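Inspection log for the structure reproduced underneath, given as structure tokens.
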Amino acid sequence: MSVSIPERPFVDFGKISRANKSFGCVITEKLDGTNSQVVIEAGKIVGVGSRNRWIAPGKLTDNYGFAGWVERNEEEILKLGDGQHFGEWFGAGIQCAYGLKGDDKRWALFNTGRWSNPEERPSCVDCVPVLYAGEFSRQVVSEVMQRLAEEGSRMVPGFMKPEGIVIYLPGSRTLLKETFEHSNGKWLSAAAA
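Just add 1 to wherever you are in the sequence shown, counting from 1, and you've got the numbering used here.
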């Protein structure tokens with residue numbers, strides 16, 4: 002056998018996170034909407050997307066009106082600066098709607114480390130609420146879920162049926178979710194029924 006360079010993309014093993022950096026976490030409210038993103042390069046919006054495709058304004062090309070909203074709010078959204086900005090598009094007519102009516106749809110960014118302060122983000126953009134930041138444990142997750150169930154959504158106060166939480170482990174850059182319904186996933190829940 003002679004070793005040669007294969008005609009296929011190289012997949013590396015990846016770095017292993019240091020344990021002493023991996024025990025912290027940030028827990029945010031998981032919003033029940035639709036995943037969305039805006040890509041800004043050289044001060045221009047070059048892409049608007051859903052979770053799995055590029056979108057544009059139009060009945061057949063948009064995702065619950067997000068691309069149209071971005072187009073109407075371009076000047077303000079450009080204040081995010083260059084980068085790929087991920088968030089959740091939620092509100093009237095999207096999933097559980099949070100009790101919002103009419104055209105009341107909102108975009109909440111996921112990057113809480115950068116966008117939690119409302120004075121540092123565009124006025125038309127929210128950020129998912131941080132429910133806890135500190136040492137990770139199952140007990141903490143249970144306590145945060147219980148408090149969310151009792152107090153309701155922090156994103157939309159008064160909405161008493163929040164979806165759950167997202168747990169971010171910064172050491173390994175891992176995202177985990179915990180939901181009130183379908184805690185093992187929608188497909189496993191459906192199979193068990």
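Even for Gly, the Cβ is constructed at its ideal location relative to N, Cα and C.
All values reported here derive from a predicted model rather than from experimental measurement.
- In this structure, the alpha-carbon of Asn36 lies about 15 angstroms from that of Gly69.
- For Glu182 and Asp33, the gap between their C-alpha atoms comes out near 12 angstroms.
- Of the residues Lys16, Val4, Glu144, the one whose Cα lies closest to the Cα of Thr175 is Lys16.
- Judged by their CB atoms, Glu89 and Val129 are nearer to each other than the 8 angstroms cut-off.
- In the pairwise beta carbon analysis, the region 109-128 is classified as touching the region 84-101: at least three pairs are separated by under 8 angstroms.
- The shortest CA-to-CA distance from Ser173 to any of Val27, Glu42, Arg122 is the one to Val27.
- Look at Thr113 here: in three-state DSSP terms it is helix.
- Secondary structure note for Phe87: it is in no alpha helix (DSSP H), and the uninterrupted beta strand (DSSP E) holding it is 84-92.
- When DSSP reads this structure, Gln38 sits in a beta bridge with Gly50, Phe87.
- Lys80 carries a helical assignment under DSSP once its states are collapsed to helix, strand and coil.
- The region 151-168 makes contact with the region 124-143: 3 or more CB pairs, one atom from each, lie closer than 8 angstroms.
- The C-alpha of Leu170 is placed about 20 angstroms away from the C-alpha of Asn185.
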